[in-house]
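Protein chains in written order, with my numbering: chain A, 8 to 524; chain B, 1390 to 1977.
By construction, the Cβ of each residue, glycine as well, lies at the ideal position given by its N, Cα and C atoms.
Read the structure below first, then the notes.
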Amino acid sequence: MTRTVKTLPTGHKSEVEQANASAAPSTGEESPVVAGAMSVATGATTHSRLVFIARTILLPLSSMKLTVALFAMAMFIVLAGTVAQIDKGVWTVVRDYFRTPIAWIDLYIFFPRAWNVPGRFLFPGGWLIGAALLVNLICAHAVRFKVKARGARLIIGLAVLAVGALLTWMVVVSVFDHNGSGETLTPYWRVTMQMLRGGVASVVLFAGCTLVFYKRAGIVLLHSGIILMMISELTTGLYAQEGNIRLHEGQGKCFAEDIRAAELAIVDPSDPQIDHVVVVPDGWMRNGRFIHDKRLPFDIMVRQYMKNSVLADPSPDGNLATAGAGLRTGVQKLNEVSGVDPEQNVDIPAAYMTFKQKGSSEPLGTYLVSIALRPQTIQINTPHGAKTYEVALRFKRRYLRSEGSENYFWLHLVNFRHDKYVGTNTPKNFSSDVRLVDADRNVDREVKIWMNNPLRYAGEVFYQASFDETDDRVTILQAVRNQGWMVPYVSCMIVATGLLAHFGTHLTDFLRRRLQS
Amino acid sequence: MSARAKVFPVIVVALGALWLLAKAMPVDEPDDGMAIHEFGRIPVVYQGRVKPLDTLARNTMRVISDRQVFYDNSKSDPKGEQRPAIRWLLDVMTSADAAREYKVFRIVNLEVLETLGLQPRLKPTSKKYRYSVDEIASGLPALHEQYSKAAHLAEQDSDLLDVYQRHILKLGNHWQLYARLHNRAIPLSVPPRSPQEQWTSFVQATAHANHSGTLDPVAASFNNILNAYTDHDATAFKNYVLEHLADIGQILGRAQMTQAGFEVFFNRFTPFYHCAALYLITFVLSAIAWLVWAKPLTRAAFWLMALTFIVHTFALVGRIYISGRPPVTNLYSSATFIGWGCVILGLVLELIFRLGIGNIVASVTGFMTLVIAHNLAGDGDTFEMLQAVLDTQFWLATHVTCVTLGYSTTFLAGFLGLVYVLRGLFTRSLSKPLSTDLARMIYGILCFALFFSFIGTVLGGLWADDSWGRFWGWDPKENGALMIVLWNALILHARWGGMVKARGMALLAIFGNIVTSWSWFGTNELGVGLHSYGFTEGRAFWLLLFVASQLFIMAIGILPQRLWRSFAVPPNRKAAPDDLPLANSVES
């Protein structure tokens, strides 16, 4: 059976995040234009005006004092984002401290929790500090790092730089990766090869930098590596997608679940060929919120939403639920799972929701929905007669589809193996034999996924992430979609080359002087 | 240079080498002629690893008794005669009466002692707070009752346990460990005959024999050994042990047997202990060199440290050979490796600058890290097995080694900063050229620190990307490493921008000690994640104390320079104009 999915636009929260994020690269991109204009312009009046602009705007922005202050602020926000994880989940912290322009920092996170220190203060968030560092760095290069080469040397240098940039780009988009996956290589070789590719690109870039910038080549190179790395973290934060695939032996799935987010799925199973699904993102689920949308078969009133919960007996002081599973089962609200929790449990969201006949205030009943509960059925009256829907709160799904395909591809777990060290419960290794089926591409083959040996297919990477401690026939795979996954490898090599060159020259100069004296 | 000054370093190094050689020599068999040290070489499996019985005995003793030896109840000497751990293990396994009287269970909680009906024992010191099986036996029902209560609570929420309950649980676990050894339920002593089979314990092997009628020959010979020991038949004991070793060698192969033999030697030699002692001596020599006889003492300290460094390196290589893994796999080994990194850089600094400062910082950091390692070893086997995600040789060899070297170098810069502040404040020895040289050292080491911490941190991200597709996850340990990188970058940029000079850089480098110790230990205190290697009570206290001491030194370091003895104008001399702002004039 195939499925089509209509998804409502994501909640307000993520829209806000995207708006914030777009501020960072745009401020960063203006500076090189100014910098380029500065070195190119030759006309006397424009030249002096540009110099004036450069002096008044670029100089303060390029200040090294600003760099140091920003480093200190970055350290502080990282520290705050670390100690905040004692109470909050790591992804909440990432959202509130790092992937945000402004962070509200609670004072209590720095003190023993028993003291109950009140109050909070505003602080620049990770994205603002990162953007400021980027601007600072680019301005510094515009002002302080003069192009020293002239004539033929400059042209050759720029050409070599262009080749290096092209190579870097090719490595990032994995042009050299004919195989499409590294399954056949040992982890050792696979990673070494990836780093070597980055290394080749960075050596070419270094040669270009040396031609253009002479002795400061190393520092220019390492700074550009840092810029690349920061942009990569920004785009990862914006576009990379992660999800879990939990499979029992014999089971197949065509979607990954994001265990950091929930969605309310309303399924219309009336079509024998296709399930029609409409989902409501968890960003919409706030206490007291009324959800009305033309794509939904009924209106929804969110009575109570719990980010983390556990099933319990129904509350003796009056049960909110008037229909469905909530009549027999209650729910207990729990604190969000902490980022430093040793068990690394996941949050189990739950909610009480009242469903209403569309356009009337007539309630269809108040239901308890939870990740831990099965789908429940709701019947509504339509002009064509009664119609039944299935309703479930579930982890946010991302369906797997290769580019241009109409249908999803599937992963079926054939066999899961998991070895322990002799006489202990410490896991030594685990591996999943998985059947990969993509009907549109004529793919039907068995692959093995194990620790540090992921499967790469159709822009997705499937990793052996975990296992179920209670059931040794269950595997947990992680599906990641991140086009820029090679960028950190390349930027690491670029920075390493730059650091080696820069400090290497320092060291050899120093030792030579020392030996002479 | 006088002949005495030339010969002195040679004598010091020769003495050090002789001492080490003496410690490496094999020990004699005990008075009763039992070949207990041969017995200690028998390979068994416990906690997921093939190891000699000697290691098992020492680790178990360290867990329950907090040391690797015990004192026999000798009538003539109230202190008792010191005996090796393997003797205790043999006596326990053979249910010897003597084993019930050895005072080995360390109980320090007074309430727990009261529960057991025991008095706090303070004398003799060899048996301080240590109790025998017989002494505890009468209180066992009470221990059992309290243990189940505490265990029940621990299942629900271990954070709610109070100190008493924690100690009850600890003692209960020690008792179970003892009981299982006594019943021969651990270790797994019978190797598999085919790849499908697993190692089994002696009890399992005998149970299997009751079922099938034939006892595995290895189990049979193990039984013979224990019987011969019970019968005090030294000759038979030795023959059975050798026979048993040969049998097991047939199954495990020579490489594994040689490795087990080496591990026994390694246990006895305790190279890290001797290194710590020699680092301490080096420190004393270099400290005295500040007062008198500077040159010969400094040279002696340097060469003694070079000798110690060789032993330290040997110890690290030995651990690599035993575990088959890169040098850093857990908190214990990170401490030994951080020390190693500090010492080699200290030696290099000494070779370049020849000021005695390299000796000082290397010996202090070497000694301190080995003491820390010693205290981290209390949890048992220092070669514990790794969780599946962490078990990738390539990443252990690159990322972990790099990050640990990042810790080493940042600490070394911090200790150089301490030398700067302490010598400048309290002595007159921080002259202008010395201040310049110290600033150069700090600067150079910081460059290394930035390199290693940056590359190490990024490699960690790449490991995460390779394992589960996420380059950066904002995990506390990752954040800690990032903070070291940021701090080192901050100091270097402050220096390049002319915001700090020699003194400022020294003070900032001292703060680097705090940042590094936060990353090394502090992040583990937050909770136990994938990166955390363990949690031990009291570690947070030492961490806070260290942080406070560093902050204190930074605070006195910002005292006005006229209060610094090195910079103050001597009372008997008029200030020359270019004499005054010494530290400020240092800028290269």
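Let's test the definition: count the other Cβ atoms within 10 Å of the Cβ of residue i and tell me whether it reaches 16, buried, or not, exposed.
i, result
"I64 of chain A", "exposed"
"R223 of chain A", "buried"
"R1476 of chain B", "buried"
"Y246 of chain A", "exposed"
"Q523 of chain A", "exposed"
"V487 of chain A", "buried"
"A30 of chain A", "Low confidence applies to A30 of chain A: its pLDDT is 34, below 50, so where it sits in the model is not reliable enough to give any reading."
"S1955 of chain B", "buried"
"E369 of chain A", "exposed"
"G244 of chain A", "buried"
"P1584 of chain B", "exposed"
"T1444 of chain B", "buried"
"N1448 of chain B", "buried"
Excluding sequence positions up to five away, which residues of its chain have a Cβ less than 7 Å from the Cβ of residue i?
i, result
"T1422 of chain B", "Inspection of the sequence shows that residue 1422 of chain B is occupied by Gly rather than by Thr. Contacts found: A1623."
"Y1618 of chain B", "M1423, L1479, T1483, F1626"
"E1632 of chain B", "S1610"
"T1647 of chain B", "none"
"T1575 of chain B", "Correcting the residue identity first, residue 1575 of chain B is Ile in this sequence and not Thr. The answer, listed in chain order, is Y1435, R1569, S1590."
"V211 of chain A", "V167, V170, G171, L174"
With a cut-off of 8 Å on the beta carbons, I'd call residue i and residue j a contact; round off their distance for me.
i, j, result
"F2055 of chain B", "A1609 of chain B", "This structure gives no information on residue 2055 of chain B, because the portion of chain B shown stretches from 1390 to 1977."
"A328 of chain A", "L375 of chain A", "5 Å"
"Y1567 of chain B", "V1481 of chain B", "7 Å"
"W1876 of chain B", "M82 of chain A", "6 Å"
"S377 of chain A", "S316 of chain A", "7 Å"
"L1693 of chain B", "T1718 of chain B", "The Cβ separation is near 30 Å, so there is no contact."
"L1577 of chain B", "V429 of chain A", "7 Å"
"V502 of chain A", "F1843 of chain B", "7 Å"
Nearest to residue i by CA position, among the options, is which residue?
i, options, result
"V285 of chain A", "A:A121, A:R293, A:E397, A:I355", "A:E397"
"A1898 of chain B", "B:L1827, B:Y1491, B:L1499", "B:L1827"
"W176 of chain A", "A:L303, A:L506, A:Y221, A:G232", "A:G232"
"A1446 of chain B", "B:V1439, B:R1438, B:V1458", "B:V1458"
"A1853 of chain B", "B:V1789, B:D1417, B:L1915, B:L1442", "B:V1789"
"F1840 of chain B", "A:L507, A:V344, A:N251", "A:L507"
"L1851 of chain B", "A:T52, A:K72, A:M202", "A:M202"
"D426 of chain A", "A:N449, A:I84, A:F474", "A:F474"
"H513 of chain A", "B:T1787, B:F1655, B:A1403, B:F1837", "B:F1837"
"G1849 of chain B", "B:H1600, B:L1785, B:W1679", "B:L1785"
"E1773 of chain B", "B:F1804, B:H1426, B:G1713, B:T1702", "B:G1713"
"I1741 of chain B", "B:L1807, B:F1698, B:P1467, B:I1834", "B:I1834"
"L1502 of chain B", "B:H1556, B:V1681, B:L1404, B:G1638", "B:H1556"
"A1762 of chain B", "B:A1413, B:A1944, B:F1910, B:P1398", "B:F1910"
"A1394 of chain B", "B:D1486, B:V1681, B:F1658", "B:V1681"
"R1951 of chain B", "B:V1889, B:F1815, B:F1397, B:P1581", "B:F1815"
What does a CB cutoff of less than 8 Å around residue i pick up in its chain, not counting 5 residues either side in sequence?
i, result
"V47 of chain A", "Here V47 of chain A scores only 42 on pLDDT, less than 50, and its place in the model should not be relied on; the value that follows carries that caveat. There are no such residues."
"A1531 of chain B", "T1504, L1505, G1506"
"W457 of chain A", "N436, F437, S438, S439, Q471"
Please go through the same chain and pick out, in chain order, the residues whose beta-carbon is closer than 6 Å to the beta-carbon of residue i, but skip the five residues on each side of it.
i, result
"R1489 of chain B", "V1522, D1523"
"G1813 of chain B", "L1819, W1953, S1955"
"L271 of chain A", "V287, L400"
"T1771 of chain B", "Y1721"
Would you call the region 137 to 150 of chain A and the region 160 to 173 of chain A in contact, with 3 or more CB pairs under 8 Å? no
How about the region 236 to 243 of chain A and the region 366 to 383 of chain A: do they share at least three Cβ pairs that are nearer than 8 Å? no
Decide yes or no for the touch test of the region 282 to 302 of chain A against the region 331 to 339 of chain A: beta carbon pairs closer than 8 Å, at least 3 of them. no
Does the contact criterion of 3 or more C-beta pairs under 8 Å hold for the region 1868 to 1884 of chain B versus the region 1813 to 1826 of chain B? no
Quick check: the region 1750 to 1760 of chain B against the region 1851 to 1864 of chain B, are there 3 or more CB pairs under 8 Å? no
Are at least three pairs of beta-carbons, each pair with one atom in the region 1783 to 1801 of chain B and one in the region 1898 to 1910 of chain B, less than 8 Å apart? yes
Does the count of Cβ pairs from the region 495 to 505 of chain A and the region 439 to 454 of chain A closer than 8 Å reach three? no
Sufficient close CB pairs (3 or more, under 8 Å) joining the region 1754 to 1766 of chain B to the region 1727 to 1744 of chain B: yes
Please determine if the region 1683 to 1697 of chain B and the region 1647 to 1659 of chain B are in contact, where contact requires at least 3 C-beta pairs separated by less than 8 Å. no
Given 8 Å, three or more beta-carbon pairs between the region 1401 to 1414 of chain B and the region 1656 to 1675 of chain B: yes
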